[in-house]
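Heads up: the sequence shown at position 187 corresponds to 174 in our numbering, and the numbers run straight through without jumps.
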Amino acid sequence: MADIVAETERLRLREWGEGDADRFYAIMNRASVMRWLGGVQTPEQWDAALQRILGFQRDHGHTFWLVERKKDGELLGFCGLKRVNSPGTDLTGQFEVGWRFREEAWGEGYAKEAAIQALDLAFGRFEAPHVLAFTVTGNEGSWGLMERLGMRRRQDLDFTDSRFGPDLNPTIVYRIDASEWPWARQQALRPR
Ligand SMILES: CC(C)(COP(=O)(O)OP(=O)(O)OC[C@H]1O[C@@H](n2cnc3c(N)ncnc32)[C@H](O)[C@@H]1OP(=O)(O)O)[C@@H](O)C(=O)NCCC(=O)NCCS
């Protein structure tokens, strides 16, 4: 059984284990989910992405962990912490929070719940001085979540990612500092 990283009220974040990569690919590789991420992936592209995910865990002790719903064990997606490795920016190596959920699980607050946990881990266990998040202008769900978490838009850090065309550029950047998180966390937990 893969190690559990953390639990929230409804969710479990855990490390990747045997069989997870195939299951993840089967349920997550959909046009809707991948719309702002370069489109659906070939098995080779997914394998390369997976190796990066596993590499972050090995090298840094954190990665984009699997997110499961506690009540039925259903795999909902991933959320967690990596290090910046995008071409086109000198932010390389800094903490980056990210998320990807299956479409049936959108709009339930799961992404926010998992992301709050990921930021708790970033500023607690991993002692991050600050955390970045990247997306594109069209991905309103993703930058909406960044803003809901109290992350601040940093236009001065935006960059062009050479892996993508003009439809997926520029990469827009958000950031939150460790000192900002306690207050931002309280606000994020408040119902709307
Ligand atoms: C991005 C993604 C994780 C958001 O998931 P979600 O289920 O909408 O997220 P939640 O239900 O937890 O909502 C979290 C907050 O995001 C904000 N939000 C969500 N959708 C939004 C939208 N379309 N516009 C503005 N804000 C939005 C809301 O403020 C919401 O908080 P609230 O309900 O307390 O007000 C999901 O759409 C996804 O997995 N997309 C595909 C993969 C992807 O693009 N990942 C990001 C790559 S950068």
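All C-beta atoms, glycine included, are put in the ideal place defined by N, C-alpha and C.
Everything numeric in this text was worked out from a predicted model, so none of it was measured.
- Taking each of T147, A165, P157 and R89 in turn and checking the Cα distance to L119, the smallest one comes out for A165.
- Linking L24 to L155 through their CA atoms gives a straight-line distance of about 8 Å.
- With respect to G48, R89 sits apart: the two C-beta atoms are not nearer than 7 Å.
- Per the coordinates, the alpha-carbon of G111 lies some 10 Å from the alpha-carbon of A105.
- Each residue's CA atom was taken as its position, placing P74 and T158 some 11 Å apart.
- Separation of D9 and R139 (C-alpha to C-alpha, rounded to the nearest whole angstrom) is 35 Å.
- Of the candidates R(-3), G80 and S19, S19 places its Cα closest to the Cα of G125.
- Residue nearest to Q174 within the set F151, K99, Q81 and F121 is K99 (criterion: CA-CA distance).
- Between A102 and C66, the C-beta gap is smaller than 7 Å, which places the two residues in contact.
- In the DSSP assignment, E(-6) falls within the beta strand (DSSP E) that extends over I(-9) to E(-6).
- The three-state reading of DSSP puts V20 in helix, counting H, G and I together.
- Bounds of the alpha helix (DSSP H) holding G42 are P30 to H47.
- For E90, the secondary structure class from DSSP, reduced to helix, strand or coil, is helix.
- F11 sits in a helix when the DSSP states are folded into three classes.
- Distance from the C-beta of T147 to the nearest heavy atom of ligand 1 is not below 6 Å.
- Here DSSP, grouped into helix, strand and coil, assigns F110 to helix.
- Per DSSP, reduced to three states, the secondary structure at K58 is coil, with no helix or strand assignment.
- Annotated as proximal: G85 and F51, with beta-carbon spacing under 7 Å.
- Taking the C-beta atoms as reference points, V123 is found no nearer than 7 Å to D145.
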